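Data first, discussion second: the structure below is written as structure tokens.
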Amino acid sequence: MATNMASPIRLPMVDLSDPDTAAAGKALLNAAIEYGFLYIDSRTSKFTERDVERVFKMNKGWVGMHVETLDPENHERGDFKEALNIGELDDGKVQQALPPTLLSQENEISHFTRLCNETCAQILKLLSQGLEIPENFFTSRHDPSKGSTGNSLRLLYYPSDVSSFRPEKDIRAGAHSDYGSITLLFQCPGQPGLEILTPDQTWAPVPVYPGDLVKYPFPPILVNIGDMLSYWTDGLLKSTVHRVVFPREMPESSELGPRDRYSIAFFCQPVGSTELVPVPSKLVENYREAQNKDPNKSFIVGYGGGANSLDSDQPRMTAGEHLQSRLNATYLKSI
Ligand SMILES: O=C(O)CCC(=O)C(=O)O
Ligand SMILES: [Fe+2]
10 MATNMASPIR LPMVDLSDPD TAAAGKALLN AAIEYGFLYI DSRTSKFTER DVERVFKMNK
70 GWVGMHVETL DPENHERGDF KEALNIGELD DGKVQQALPP TLLSQENEIS HFTRLCNETC
130 AQILKLLSQG LEIPENFFTS RHDPSKGSTG NSLRLLYYPS DVSSFRPEKD IRAGAHSDYG
190 SITLLFQCPG QPGLEILTPD QTWAPVPVYP GDLVKYPFPP ILVNIGDMLS YWTDGLLKST
250 VHRVVFPREM PESSELGPRD RYSIAFFCQP VGSTELVPVP SKLVENYREA QNKDPNKSFI
310 VGYGGGANSL DSDQPRMTAG EHLQSRLNAT YLKSI
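Remember, the working numbering sits 9 above the position in the sequence shown when you count from 1.
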């Protein structure tokens, strides 16, 4: 496991309003190949400052601390976080019991998840362009009108008032990769903590704002590739391991004020019954061939060996099966 700290990473910033969609698609694809993470310029997204602010206001942490342990091999105590998961909505309606204070906010939740879905569709279309495959290859397989997707919205709260915190041993969210296609992450100014594992096995902090002087209405939206899209593209797109750490000055330095962190994650998945047929991209094929020829091959072709590893007469894994295999690997391990 990595121990060294790298300097903050400069991730590419993608402009979703770029009329040159071929160029934006290539920029997005290259970031997904190199880092598995990128920023979306918030000025070019469908979200207004108010849309994001409203959901942050709902986010007060709901499910107790230490309930989840994302990296049980390295952390004996559960993650120092609280979370509320909201599963896929049906016709704008939440399909689960909500905490009483959120009952009146269903419209806002529905509005926000709709924008998340539309943003994911924009990103998936651009990725298809970058991969030089039909524009709707991914979006048609993520279309909720074709079946349930398992998309979820997660409100995360990492409290700083944790007297039992042990700096060397405890973590806000253990090292993990995400399971689905793509994740959108909304962060708050002044609340850092996300780190990604670089190819040389060092942890690189991801700044909430990149180091430029642009005035954003709210922090750029972080996008990362999940295991399924990595599997689907035979590892060409990277599902990068990441974690959330406590700020270095935690928690004694009370003069700094509370060092809480709030974030909102939207996990986007294909329709569960989607067969993960190989992505018909020459770029994916070339990547796989090059990796197969590499005598020192140390690459990961996405969890499960990659969609191209199956013989053509073998049944394809479905998106639902892929997700279940990743959930089993995490949650059965931590019981
Ligand atoms: O809060 C964060 O920054 C990241 C959360 C995350 O990675 C996750 O829930 O999968
Ligand atoms: Fe994550």
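All C-beta atoms, glycine included, are put in the ideal place defined by N, C-alpha and C.
From a predicted model like this one, the values you see are computed outputs, not experimental measurements.
Rounded C-alpha distance that separates arginine 59 from alanine 130
In a straight line, the C-alpha of arginine 59 is about 22 Å away from that of alanine 130.
Would a C-beta distance cut-off of 8 Å place proline 113 and glycine 101 closer than the cut-off? According to the sequence shown, residue 113 is serine rather than proline. It is not a contact, given that the beta carbons lie outside the stated cut-off.
Notebook entry, point to check: If you scan the stretch 12-72 from start to end, which runs of the alpha helix (DSSP H) of 4 or more residues do you find wholly inside it?
Noted result: Listed in chain order, the alpha helix (DSSP H) runs fully inside the stretch 12-72 are 30-43, 58-67, counting runs of at least 4 residues.
**Contact under 8 Å by Cβ, arginine 136 with alanine 41** = Going by the sequence as given, residue 136 is leucine instead of arginine. Yes, these two residues count as a Cβ contact at 8 Å.
Have a look at Pro216, Gly314, Val286, Val280 and flag the residue whose alpha-carbon is nearest the alpha-carbon of serine 16. Nearest of Pro216, Gly314, Val286, Val280 to serine 16, Cα basis: Pro216.
Exercise for review: Tell me whether glutamate 284 is buried or exposed, calling it buried when 16 or more other Cβ atoms sit within 10 Å of its Cβ.
Suggested key: By the Cβ neighbour-count rule, glutamate 284 is exposed, with fewer than 16 other Cβ atoms within 10 Å of its own.
- Could you please go through the chain and list the residues whose beta-carbon is closer than 5 Å to any non-hydrogen atom of ligand 1? Chain-ordered list of matching residues: Leu165, Leu203, Val253, Ser272, Ala274.
Practice task
Quick one: grab the DSSP three-state call for serine 343.
Solution key: Residue placement at serine 343 is poorly supported in this model, since its pLDDT is 49, which falls under 50; the coordinates still yield a value, given next. It is coil, neither helix nor strand.
| Quick one: is glutamine 210 buried, meaning 16 or more other Cβ sit within 10 Å of its Cβ, or exposed? | Under this definition glutamine 210 is an exposed residue.
Spell out the partners DSSP gives aspartate 5 in its beta bridges.
The structure shown has nothing for residue 5, since the chain only spans 10 to 344.
Margin query: Looking at ligand 2, does it come within less than 7 Å of threonine 192, judged from the CB to the closest heavy atom?
Written below: Annotation for threonine 192 indicates a beta carbon within 7 Å of some heavy atom of ligand 2.
CB of aspartate 187 to nearest heavy atom of ligand 2: below 7 Å? Yes; taking the cut-off as 7 Å, the Cβ of aspartate 187 has a heavy atom of ligand 2 nearer than that.
Tyrosine 240 versus arginine 325 - alpha carbon distance = Using only the alpha carbons, I get a separation of about 12 Å.
Q) What is the residue span of the beta strand (DSSP E) that tyrosine 7 lies within? A) This structure cannot speak to residue 7, because the chain is shown only from 10 to 344.
**Asked** Does the stretch 245-259 come close enough to the stretch 177-186 to have 3 or more Cβ pairs within less than 8 Å?
**Response** Verdict: yes, contact present.
*Between leucine 47 and the rest of its own chain, which residues show a CB-CB distance below 6 Å, the 5 nearest in sequence each way excluded?*
Once the five neighbours on either side are set aside, the close Cβ partners of leucine 47 are Leu20, Pro21, Val23, Ala40, Val232.
ask   = Does serine 290 get closer than 8 Å to chain D when you measure Cβ to Cβ?
value = Among the chains of the structure shown, chain D does not appear; only one protein chain is present.
> Ends of the beta strand (DSSP E) at glycine 183?
Replying inline: Going by DSSP, glycine 183 is part of the beta strand (DSSP E) stretching over 182-185.
(Q) Could you check whether the Cβ of histidine 251 sits closer than 7 Å to any heavy atom belonging to ligand 2? (A) Yes.
Endpoints, alpha helix (DSSP H) assigned at histidine 120: Segment 115-140, the alpha helix (DSSP H) holding histidine 120.
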